[in-house]
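The opening residue of the sequence shown carries number 7 in my numbering; numbering runs sequentially from there. Backbone N, C-alpha and C define an ideal beta-carbon position, used for all residues, glycine too. From a predicted model like this one, the values you see are computed outputs, not experimental measurements.
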Amino acid sequence: MNAPAELTRVSSHGFSLQVGREELRLPFKQFPWFRRATVDQLAEVQWHPPGHLYWPTLAIDLSVDFIRGAADQPTSAMSSISTQAPMGF
Numbered sequence: 007m008n009a010p011a012e013l014t015r016v017s018s019h020g021f022s023l024q025v026g027r028e029e030l031r032l033p034f035k036q037f038p039w040f041r042r043a044t045v046d047q048l049a050e051v052q053w054h055p056p057g058h059l060y061w062p063t064l065a066i067d068l069s070v071d072f073i074r075g076a077a078d079q080p081t082s083a084m085s086s087i088s089t090q091a092p093m094g095f
């Protein structure tokens, strides 16, 4: 995957990103530090190889694998997120 990341959708429940051919969904329930971010802040996502997404104004860096894992296991992902959450908010 070597394509830029792009914000494709925002709702009251979360947001979606297009990364290459893959759509990643980030629900606010699993990624709570994004809840108060503006649409502009969410749209500033940058692709950083190998496999990281970075939001510079929020100082948040997440691996694509971590995002995928949170979607597959929302309950256990939340407990691991709490130890890895950025200090943005």
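Considering only residues of the same chain and omitting the five flanking positions on each side of residue i, which have a CB-CB separation below 7 angstroms?
| i | result |
| --- | --- |
| histidine 96 | Absent from the model: residue 96. The displayed extent of the chain is 7 to 95, so no value can be given. |
| phenylalanine 34 | His19, Gly20, Phe40, Arg41 |
| valine 16 | Val45, Leu48 |
| leucine 43 | Correcting the residue identity first, residue 43 is alanine in this sequence and not leucine. These residues qualify, in order along the chain: Leu64. |
| alanine 83 | A caution first: alanine 83 carries a pLDDT of 46, below 50, which makes its placement in the model unreliable, though a value can still be read off. Counting only Cβ-Cβ distances below 7 angstroms, and skipping sequence neighbours, we find Gln36, Gly75, Ala76. |
Here's a check: name, in chain order, each residue in its chain whose Cβ is nearer than 8 angstroms to the Cβ of residue i, leaving out the five neighbours to either side.
| i | result |
| --- | --- |
| arginine 74 | Leu30 |
| valine 51 | Ala11, Glu12, Leu13, Leu23, Leu59, Tyr60, Trp61 |
Might you give, ordered along the chain, the residues of its own chain that have their beta carbon closer than 6 angstroms to the beta carbon of residue i, omitting 5 neighbours on each side?
| i | result |
| --- | --- |
| leucine 68 | Leu59 |
Could you spell out where the beta strand (DSSP E) holding residue i opens and where it closes?
| i | result |
| --- | --- |
| valine 16 | 11-16 |
| leucine 23 | 20-25 |
| arginine 31 | 28-33 |
| serine 39 | The amino acid at residue 39 is misidentified as serine; the sequence shows tryptophan. First-last for tryptophan 39: undefined, no H or E at that position. |
Run the proximity test for residue i: is its beta-carbon closer than 8 angstroms to any non-hydrogen atom belonging to the ligand NAP?
| i | result |
| --- | --- |
| valine 25 | Absent from the structure shown: the ligand NAP. Ligands present: none. |
Grab the span of the alpha helix (DSSP H) containing residue i for me, first residue to last.
| i | result |
| --- | --- |
| glutamine 47 | 45-49 |
Residue i bridges to which residues according to DSSP?
| i | result |
| --- | --- |
| tryptophan 61 | Ile66 |
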